[in-house]
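Taken in order, the sequence shown gives residues 668 to 1000; the numbers are from my numbering.
First the structure, in the form of structure tokens, and then the observations on it.
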Amino acid sequence: MSKVFFIYDVGPQSRLEWLASAFKKEDTVWIPMRYNRKNRIHAWRKPLHFLCYIELAIKSIWKSKKEDTIISWNFIPGAFIGVLCRLFRLNRTVLSLNMISHPKGGVIATIRKKVYNYAFAYKKFLFTVNSAETLETYLKEYKIDTQRVSVLPDAYLPIYKNQDFNTGKGYIFCGGEAQRDWVTFFAAAKELPEYSFVGVARKKYMPHPIEIPTNVKMYYDIDEQDFNRLLEESAIVALPLLSTLPAGLIVIFKSIFLSKPLIVTRTSSVENYVQDRKSAILIDLQSTEQLVTGIRSLKTDLDRAKEQTEQAKKNIVNYSPENYSKKIFRILI
């Protein structure tokens, strides 16, 4: 009897078990990656993180059989599985979820392109993207067979805390792993000295040099518990992004469930979940002016801010974990 292997990079397994809700429990196997948080924090350790991806790919191939399916929660290990299966003529069905390929230059971009294109050439390699517009962008860069890619917007996680609207400690929050436009965030803070701002970032992703306004308190490389606390105590969540490719979705989901009014860069992925002036304020890339106007608007009109958070919660139910798992199941049929 064939099995479905779910592989993931960040645990615990209980955090992701909803992913297999559409599958028979007795047919599923879970394989975690050997995760070291320090590999995500320090730039010099990034190669070690990718070695862990490769190790996970090898382990999943080794434990599975030719009739089995491997579903990768993180796109990158799935791509490595595709590469290995093609290279060694192995027979596995691979579904790699949520391809994200932010703009890069130099040698890294060249290597990534060669690796991904090699994986895409493996006939049993399937993958998903967050939006049709994102797929159109990738089609211009990679050799993709559109018959083997599906548009599947991310789902929220069932573990996210739910609370009613409140202004917390009154500050404007920006944070996340990468692709945050700190230049625009700081420029907006500088124009709004009457308000307090809090930022959470990876030190390695901060632009240098950069001047941080005196009304901004920055935190670097903190753990998820502290990140969630700072998000929860905010009044507004502002997420200016560096590109229109998928980014910031986890923070958006958490903010919606925490009833935090959102100001986010307009992207096709973001527009899956929120609509401008209805459930969030969407701004153009690098628009300090629009960010400043949005903050002032939400700060001075709490009724509007609350109304937007309520509408966002109504919309998000369409992106439940259960629906996501069912769509994965249908992709594999």
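From the three backbone atoms N, C-alpha and C, an ideal C-beta is built for every residue, glycine too.
Exercise for review: Just mark Arg-701 as buried or exposed, buried being the case when its beta carbon has 16 or more other beta carbons within 10 Å.
Suggested key: Answer is exposed; the Cβ neighbour count stays below 16.
Check your understanding: Taking the C-alpha atoms as reference points, what is the distance between Lys-730 and Arg-944?
Key -> Cα to Cα, the separation comes out at about 50 Å.
Point to revise | Beta-carbon spacing of Pro-907, Thr-851 below 9 Å | key: yes
Point to revise | Distance between Arg-712 and Lys-981 (C-alpha atoms, nearest Å) | key: 41 Å
Review point. Alpha carbon to alpha carbon, how far is Leu-754 from Ile-767?
Key: 23 Å
Point to revise | Same chain, Cβ closer than 7 Å to Pro-825, five either side skipped, listed in chain order | key: Counting only residues of its own chain and dropping the five nearest sequence neighbours on each side, Pro-825 has a CB closer than 7 Å to the CB of Trp-685 and Pro-988.
Check your understanding: Helix, strand or coil: which one does DSSP assign to Ser-798?
Key -> coil
Check your understanding: How do the segment 933-950 and the segment 915-924 stand: do at least 3 beta-carbon pairs fall below 8 Å, yes or no?
Key -> By the Cβ rule, the segment 933-950 counts as touching the segment 915-924, because three or more pairs are nearer than 8 Å.
Check your understanding: Between Ala-710 and the rest of its own chain, which residues show a CB-CB distance below 7 Å, the 5 nearest in sequence each way excluded?
Key -> Lys-871
Point to revise | Span of the beta strand (DSSP E) around Thr-736 | key: 736-739
Check your understanding: Which word fits Ala-786, buried or exposed, when buried means at least 16 other C-beta atoms lie within 10 angstroms of its C-beta?
Key -> buried
**Study point:** Rounded separation between Phe-792 and Thr-760 - CA only
**Key:** 6 Å
Practice item. Only counting runs of 3 or more residues, tell me where the beta strand (DSSP E) segments fall wholly within the segment 702-763, in order along the chain. Key: 736-739 and 760-763
**Study point:** Complete runs of the alpha helix (DSSP H) confined to the segment 779-845 [at least 4 residues]
**Key:** Entirely contained in the segment 779-845, the alpha helix (DSSP H) runs reaching 4 residues are, in chain order, 799-808.
Point to revise | CA-to-CA distance, Leu-965 to Ser-817, given in whole angstroms | key: 36 Å
Point to revise | alpha helix (DSSP H) runs wholly inside the segment 904-937, at least 4 long, in chain order | key: The qualifying runs are 916-924.
Exercise for review: Please go through the segment 875-905 and give each complete alpha helix (DSSP H) segment of 4 or more residues, from N-terminal end onward.
Suggested key: 891-899
Review point. Is it right to say Arg-756 is buried, meaning 16 or more other beta carbons lie within 10 angstroms of its own, or is it exposed?
Key: exposed
Check your understanding: What whole-angstrom Cβ distance do Ile-995 and Ile-738 have, given they're in contact under 8 Å?
Key -> 7 Å
Review point. Going along the chain, which residues of its own chain have a beta-carbon closer than 8 Å to the beta-carbon of Ile-950, five neighbours each way excluded?
Key: Pro-907, Ile-930, Val-931, Thr-932, Arg-933, Gln-957, Leu-958 and Gly-961
Review point. Are at least three pairs of beta-carbons, each pair with one atom in the segment 874-883 and one in the segment 844-858, less than 8 Å apart?
Key: yes
Check your understanding: With 16 as the cutoff for other CB atoms within 10 Å, does Tyr-887 come out buried or exposed?
Key -> A residue is called buried when at least 16 other Cβ atoms come within 10 angstroms of its Cβ; Tyr-887 does not meet this threshold and is exposed.
Exercise for review: Assign Pro-820 to one of two classes, buried (16 or more other C-beta atoms within 10 Å of its C-beta) or exposed (fewer than that).
Suggested key: Classification for Pro-820: buried.
Check your understanding: Who pairs with Val-671 in a beta bridge, going by DSSP?
Key -> Its beta-bridge partners are Thr-695 and Thr-736.
Review point. Is the beta carbon of Gly-749 sitting closer than 9 Å to the one on Tyr-789?
Key: yes
Review point. Nearest-angstrom Cα distance between Pro-1049 and Val-696?
Key: The structure shown does not extend to residue 1049, since the chain is modelled only from 668 to 1000, so the question has no answer here.
Point to revise | Cβ-Cβ separation, Leu-897 to Val-865 (assumed contact under 8 Å), whole Å | key: Right, the Cβ-Cβ distance comes to about 6 Å (below 8 Å), so this counts as a contact.
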